[in-house]
Amino acid sequence: MMKTELSEIYRNYIACLNRQDWPQLGRFVDEDVCHNGRRLGLSGYREMLEGDFRDIPDLRFNIELLVSDASHFASRLAFDCSPKGRFLGLAIDGRRVSFAENVFYEFRDGKIVQVWSVIDKAAIEAQL
1 MMKTELSEIY RNYIACLNRQ DWPQLGRFVD EDVCHNGRRL GLSGYREMLE
51 GDFRDIPDLR FNIELLVSDA SHFASRLAFD CSPKGRFLGL AIDGRRVSFA
101 ENVFYEFRDG KIVQVWSVID KAAIEAQL
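Note that UniProt numbering has the sequence shown beginning at 1, numbered continuously upward.
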């Protein structure tokens with residue numbers, strides 16, 4: 001698969017997340033997807049994302065940087081949102097915070113099979 005095709009798939013995946021179009025998630029994510037070394041499977045991955053949107057009602061994924069090779073993507077996602085209650089162990093309680101997430105993806109047959117993610121918690125702490 002060409003990098004431009006994977007880039008289009010990735011951008012459509014992010015659009016799917018922002019629409020919360022969960023029935024379409026399987027078009028982009030493999031049945032056996034792993035997140036940070038844990039096999040969640042598609043249903044577990046979907047549950048994780050649904051929980052993110054419950055905890056952060058105004059959540060929106062914004063691609064800030066995207067770098068790829070033939071089967072891997074590195075993306076810096078920017079967020080400006082208001083998590084309810086606690087987020088990453090921090091008492092946010094609806095305050096607006098801005099932060100980034102650095103994510104690496106492995107694709108196989110046009111679907112995400114591995115996700116490695118790190119959220120910039122220090123940036124959030126500095127705003128509190």
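A virtual CB, placed ideally from N, CA and C, is assigned to each residue, including glycine.
For I112, the first and last residue of its enclosing beta strand (DSSP E): 111-119
C-beta atoms of Y10 and Y105 nearer than 9 Å: yes
Ordered list of alpha helix (DSSP H) runs contained in the stretch 4-82, each at least 4 residues: 41-55
S75 versus T4 - alpha carbon distance: 15 Å
Inter-residue spacing [alpha-carbon to alpha-carbon] between A100 and G26: 25 Å
Of the residues L66, P57, R60, N18, the one placed nearest N6, counting alpha carbons only: A quick correction: the sequence has Leu, not Asn, at residue 6. Comparing Cα positions, the closest option is L66.
Rounded C-alpha distance that separates S98 from G110: Answer to the nearest angstrom: the Cα atoms are 31 Å apart.
Nearest candidate by alpha-carbon position, reference R95, set D80, N102, V103, R108: The closest CA to that of R95, considering only D80, N102, V103, R108, is found on D80.
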